[in-house]
Amino acid sequence: MQLIKDQKIIDNTWQYIADTDELKAGDISVSYARWQNDKQSLSAHDGKLGVRISSEDNVEAIADDLERLQLIELDFPDFADGRLFSQAWLLRGRYDYQGEIRAIGQYIPDQVFYLARVGVNAFCPKLPEELPGIINNLKDFSVKYQSSIN
Amino acid sequence: MYQYTNTDQTLVDERVAQFRRQTEQYLKGELSEDHYRALRLRNGVYIQTHAPLLRVAGPYGLLNSKQVRMLAHIARTYDKSYCHFTTRQNIQFNWPKLEQIPDILAELASVQMHSIQTSGNCMRNTTSDHLAGVCVDEIEDPRPYCEIIRQWTTLHPEFDYLPRKFKIAVSGALHDRAATQFHDVGLHLVKNAEGVVGFKVIVGGGLGRTPIIGQVIKPYLEKKHLLSYLEAVLRIYNLYGRRDNKYKARIKILVKESSLAKFSALVEKEWLLLKDNNELSAERIEAMCAQFIMPAYDGRAAEDQSFAEHQSTNQAFATWVKHNTADHKVSGYRAAFVSLKAPDSPPGDMTDEQLDAVADLADAYSFGEIRATHRQNLILADIKQADLFPLWQKLLELKLATPNIGTATDMICCPGLDFCSLANAGSIGIAKEINEALDDMDYIHDIGDLKINMSGCMNGCAHQSVGHIGILGVDKKGSEWYQLTLGGSSENNAAIGERLGPAVAKDQVTKAVVTILDVYIKQRQEEESFLDMVNRVGITPFKEQVYATH
């Protein structure tokens, strides 16, 4: 599957491991709950680690773990749920997270300009045909009124 | 008045291009109904009973003559030759075609106007005192801060998908004409003990289904912290506001359910982490204030004798001056209201011809500026006293001089069942009936200061809960009924009206209002206003008479 990272189309190298599944080799992401429960054992994993968070999760609780995480997936339950915009801002602006922040789930391509401004740098499309639109929409505005992350 | 820079112009032009693309995608079936809905709302486009409705932003109510002529042009070209002024100082078109809205927005952008964030669950048009900059009781002109907030709220990347809509109002005067206690955030310019002007911050007020008076969260905030404090409030609201029930999603419910103390502690913690990196510089404030400098007033305006002469020889003119003009901080000037409450036209509506004519009058007499008020009228804010008589004559010809500002027939009224898909009951028809019943101007003037607000459903667009008399349309088994309240106020003495009793049938509303006014006339004390009397005697004397006659 392809996605957009730093405005370029690339191949996805990450796998999400569901809570009931065994860990696999390679770059993996796990749920926020699994990370909270199995942090110690996960740290021994041979490969990069990521955490998938949703609107209800509190990023402050993983603030101290961010150095060990190369990916944070923001899993939108619904495009109208704007909490993850603030979560992204907190990750970058408050906790100085340097890794990849990836939007996944039910966000819409018309939101990517805002998402990029609050620090999201990767976008996983629902369908491959959305890829060109997402790249295009990242350039919706050439000006801005307020400071944010970007 | 603020003039767009290249940045402002680019932003609105790019927004038009974005919305054009989104609308084309929707019309081609490439964008779902649900997704397009969220996007069009953020561009002021509702789908109503008959057609789309386009709500255009009037930034804190301020318009210039060129912009008003553009509204006339849009009304003529794309609509049925009229538009409607709302209680939030915005302008609505009731009949545009969806496929033409991108063109309308491009026309608006050509005169520095837009419809960005005039609806949807985002930060809305910032409103203010319609007498800002000219009133006699002003601590400081709020408009530069309104413009700073307008820019900060516009396309804010983090806060465009809030739990619910979010409205900010700013007042700079002693008398609150901006209903700041009924906004999600209300800001009052105040002086601290050292005489330095800052903001009193009020949070969690609102009207609609659950009217709540806002509470002071910060008695004094230095100006430089304005945006960081707003950011903290918005971030806490965005993260913690309820999203499970849209009727409980406004910030007022979060503040109420968590308590002001807890909400305020969360905001304070967030703000302390932000404030030092987000200061509003003194240079930025100064530069913005320079956009709102006083116009070139005539220092000899007060020497004119004709104004007094016309008043003594022309009773109708004197009456208009008394009711439809307000004191001005510059001697020899007054602010003149343009009444959009003529007895035979829907409250707040204006035709293309009236719009063009008012733009001409603004150019001739008021430095080319026009303001929209919260009570759906306009103001020409800087009229030399010698010009009031010719202005009045022209307004008379235009049917814009009904001397009823602040009186019983200066009703606030939503579009109601005639246009709105949410409404349970009609409101324009009732307004017309009340107007017909109160057709004696002397009687209306005798009643004096009275605010009648009427909404066609409990969403409360016409702010009925803060009307001295509130009228709320409700649906009772398929027929239109009306709930009356008394004693509401959106000013300094903020209050939510008390329910008079059971709802009355449609054909009894006017009779009930007339009865209420009769009780007031008979039982008032000397110089006592309607609201003062309600506050003194309560609702019982009114209730007895209204329900006795039914």
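For the record, the sequence lines run as chains A and B. Position in the first sequence (first residue = 1) + 11 = my numbering. Position in the second sequence (first residue = 1) + 1459 = my numbering. Note that CB positions come from ideal geometry on N, CA and C, so glycine has one too.
Query	Result
A:PHE152 touches chain B at which residues, Cβ-Cβ below 9 angstroms?	THR1469, LEU1470, GLU1473, ARG1474, GLN1477 and LEU1614
Would you check if the distance between the CB atom of A:LEU60 and the CB atom of A:GLN81 is smaller than 8 angstroms?	yes
For B:THR2025, return the contacting residues in chain A, with the cut-off set at a CB-CB distance below 7 angstroms.	Within the shown structure, residues of chain B are numbered from 1460 to 2009, placing residue 2025 of chain B beyond reach of any answer.
With respect to the alpha helix (DSSP H) encompassing B:GLY1769, which residues constitute its N-terminal and C-terminal limits?	It is His, not Gly, that sits at residue 1769 of chain B in the sequence shown. 1765-1772 is the span of the alpha helix (DSSP H), which, as asked, contains B:HIS1769.
Please state the DSSP three-state secondary structure of A:PHE152.	coil
In chain A, which residues lie less than 7 angstroms from B:THR1466 when you measure between Cβ atoms?	VAL154
Just to confirm my understanding: we take B:GLU1597, look at its own chain, exclude 5 residues before and 5 after, and list those with CB closer than 6 angstroms. What are they?	GLY1631 and ALA1632
Under 7 angstroms, CB to CB, which of the residues in the segment 117-141 of chain A have a partner in chain B?	ILE119, ASP121, TYR125, ARG128 and VAL129
Going by DSSP in three states, B:VAL1817 sits in which element: helix, strand or coil?	helix
From which residue to which residue does the alpha helix (DSSP H) around B:VAL1475 run?	1465-1486
Below 6 angstroms CB to CB, which residues in the same chain sit around B:GLU1558 once its five sequence neighbours on both sides are set aside?	none
In terms of DSSP beta bridges, what is B:ARG1830 paired with?	B:LEU1521 and B:ILE1838
Below 8 angstroms, how does it come out for the segment 1597-1617 of chain B and the segment 1642-1651 of chain B: are there three or more Cβ pairs, yes or no?	yes
Whose C-alpha, out of B:SER1798, B:ASP1562 and B:ALA1953, is nearest the C-alpha of B:GLU1856?	B:SER1798
If I follow the unbroken beta strand (DSSP E) through B:VAL1797, where does it start and stop?	1792-1797
Please state the DSSP three-state secondary structure of B:MET1529.	helix
Residues in its own chain within less than 8 angstroms of B:GLN1571 by CB, not counting five upstream and five downstream?	GLN1462, TYR1463, ASP1467, GLN1468, VAL1471 and GLN1526
Which residues in chain B sit within 7 angstroms of A:ARG11, going by Cβ to Cβ distance?	Since the first residue of chain A shown is 12 and the last is 161, residue 11 of chain A is not available in this structure.
Between A:ILE64 and the ligand GDP, is the CB less than 7 angstroms from at least one heavy atom?	Only the bare structure without any ligand can be found here, which leaves the ligand GDP out of the picture.
So for A:TYR43, helix, strand or coil by DSSP?	helix
Between the C-alpha atoms of A:VAL62 and A:ILE112, what's the straight-line distance to the nearest angstrom?	10 angstroms
Which value, in whole angstroms, describes the spacing of the CA atoms of B:ASP1977 and B:SER1540?	39 angstroms
For B:THR1585, is the classification buried or exposed, using 16 other Cβ atoms within 10 angstroms of its Cβ as the cut-off for buried?	buried
In the segment 26-88 of chain A, which residue ranges form an unbroken beta strand (DSSP E) of at least 3 residues, counting only runs that do not cross its ends?	38-42, 60-65 and 82-87
Would you please verify whether the beta carbon of B:TYR1485 is less than 8 angstroms from any beta carbon of chain A?	no
Buried or exposed, going by whether 16 or more other CB atoms sit within 10 Å of the CB of B:GLN1576?	buried
Assuming B:VAL1593 and B:VAL1644 form a contact by the criterion Cβ under 8 angstroms, report the distance between their Cβ atoms to the nearest whole angstrom.	Contact flag wrong, Cβ pair sits at about 25 angstroms.
Can you tell me whether B:LEU1859 is buried or exposed, with buried defined as 16 or more other CB within 10 angstroms of its CB?	buried
For a cutoff of 8 angstroms on Cβ pairs, would you count A:ARG103 as touching chain B?	no
Could you tell me the alpha carbon to alpha carbon distance between B:CYS1920 and B:ILE1710, rounded to whole angstroms?	18 angstroms
Measuring straight from C-alpha to C-alpha, what distance separates B:GLY1827 and B:PHE1796?	15 angstroms
Quick one: what's B:ASN1912 bridged to in DSSP?	B:ILE1871 and B:GLY1929
Measuring CA to CA, which of A:ALA29, A:GLN51, A:LYS50 and A:ASP57 is closest to A:ALA36?	A:ASP57
Straight-line CA distance for B:GLN1835 to B:GLY1663?	24 angstroms
Let me make sure I understand the geometry here. Which of B:GLU1653, B:LEU1680 and B:GLY1667 has the alpha-carbon closest to that of B:LYS1405?	Here chain B has residues from 1460 to 2009 only, and residue 1405 of chain B is not among them.
For B:ALA1801, name the three-state secondary structure that DSSP assigns.	coil
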